[in-house]
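The structure under discussion appears below in the form of structure tokens.
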Amino acid sequence: MTGEKQFPFNILVFPCGSEVALEIHRSLCYSRHINLIGASSTNDHGRFVFQNYIGDLPFITDQKFINKLASVCKDNKIDAIFPAMDSVLDLLKKNEHRLNCKVIASSPETTRVCLSKKKTYEVLKENVAVPRLYNSVDEIDTYPVFLKPDVGYGSRGVKKCNTRVDVLNHLSTNADNLILEWLPGKEYTVDCFSDVHGNLLYAGMRPRRRIMNGISVNTITTNEYQNDVMSIANAINDKLKFTGAWFFQLKENTKGKLTLLEVASRMGGSSAAYRIKGINFALLSVFTHMQIPVDILENNYTVELDRALSNSYHIPIFYNEVYVDLDDCLILGNHINNLLVSFLHQCINNKIKIILLTKHEADLNQTLNKHRISQLFDQIIHIKKTDEKSNYIKTKDAIFIDDSHVERKKISANCNIPVFSPDMVEGLLKFY
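Numbering follows our numbering, in which position 62 of the sequence shown is assigned residue number 42; successive positions increment by one, without gaps.
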């Protein structure tokens, strides 16, 4: 294993073209603490997204895969691998010692259980409601039933069967399928986070309102069933012992009772809805596995996420002023934060006032002129390092953008306005 080191951490995402990997990229690419590298076994979408990209790795079924991946990690001084697919996650966690770097995932025992729906039900059946499992066609006493693979994701190979003939026909080509009771009600995902000690710090529910290829492409954050959700989340977490981000899916049975569909020991792709509220599951997971203490800061608004090969958000807040930080926020290293500048120009178009609120220690005018952004702001407030930024925010119809968690937490508490880190600005952009 690698020892402790200073920022930034070199994080390898594999496979980097999956939907989960793309959300990991969106979650981490604005953090000064992270240097992202993407890797894949095929030339997928990841090579268009990751600035640092490694292709042509063997497939995970290849006996040379682990050795090759270990060489990639050594050559690129990788501190941790972020698996972006369930089967990859289980394989890498089991071989963590051979990779000589951390794998951002729960224990091998936990990932192994989560990979199998049957094992998941067996382990949790005394703690949460699970669907009835029929061991054979002859046991079925109520139709319809639902058939799905024991190991799988994205609704692949699943089928609702209304008759015995339907079941037999499906099993003839899908012999590994489980036969489960049919759950006719609404379906939900619950995005969760557990700290390094296994304590559940967060659980947020969202209905899977529109599903395409097994992916929730329309979802909205909600407090519905909040007490039941926390009870189920704690029961699962206590039994399986997670570290970092994980999620589970529920569906209402014929009586409206929430019943477990599956548990995954990774973050969900549509957990982006909660990232726009401030819960960055990927960054929290990296910090947790690197033994860095974390806490949760969530904005109090609802986010609807609709996916159509890109993310679009709606946040029901009003603001006519934007307070924005400079260092490691508007300027990342020696480069401009293009996404944030795009948002500031959106504000200019909408006649929203922009205030630069900075503790920049160098010559501020020289820095602004160097990056050609001196004309972006309606007002510039240059304060001392010891000053409190909250003293300079005078209106409630404002938002605050800063890379510092400490600064955001103070503003949220003292000014009671929405606060945004650079990665959250995506939720403020409108592409029309």
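Ideal Cβ positions, reconstructed from N, Cα and C, are used throughout, including at glycine.
- Boundaries (first-last residue) of the alpha helix (DSSP H) holding residue 326: 318 to 329
- For residue 180, collect the residues of the same chain with a Cβ closer than 7 Å to its Cβ; drop the 5 residues on either side in sequence, then sort them by chain order. 172, 174, 213, 214 and 217
- Query: Taking the alpha helix (DSSP H) that residue 52 falls in, what are its first and last residues?
  - Reply: 45 to 55
- Item | residue 196, enclosing beta strand (DSSP E) - first and last residue | 195 to 200
- By how many angstroms is the C-alpha of residue 168 removed from the C-alpha of residue 86? 22 Å
- Assumed close pair residue 282, residue 201 - CB separation to whole angstroms, cut-off 8 Å: 5 Å
- Uninterrupted beta strand (DSSP E) stretches inside the region 129 to 186 (no shorter than 3 residues): 139 to 141, 157 to 161 and 167 to 174
- Message: Which residues does DSSP list as the beta-bridge partners of residue 294?
- Response: 284
- Per DSSP, which one or two residues make a beta bridge with residue 359? 335
- Message: Can you tell me where the alpha helix (DSSP H) holding residue 219 begins and where it ends?
- Response: 206 to 220
- Query: DSSP three-state call for residue 117: helix, strand or coil?
  - Reply: helix
- Message: Run through the DSSP bridge pairs and tell me what residue 311 is partnered with.
- Response: 307 and 316
- Just how far apart, CA to CA, sit residue 258 and residue 402? 11 Å
- Item | Outcome for residue 252 when other beta-carbon atoms lying within 10 angstroms are tallied against a minimum of 16 | buried
- Taking all protein chains shown into account, decide if residue 313 is buried (16 or more other Cβ within 10 angstroms of its Cβ) or exposed. exposed
- Give the range of the beta strand (DSSP E) segment to which residue 18 is assigned. 14 to 19
- Message: I need the straight-line Cα distance from residue 362 to residue 370, nearest angstrom please.
- Response: 13 Å
- Message: Can you look up residue -1 in the DSSP assignment and give me helix, strand or coil?
- Response: helix
- Considering only residues of the same chain and omitting the five flanking positions on each side of residue 208, which have a CB-CB separation below 8 Å? 238
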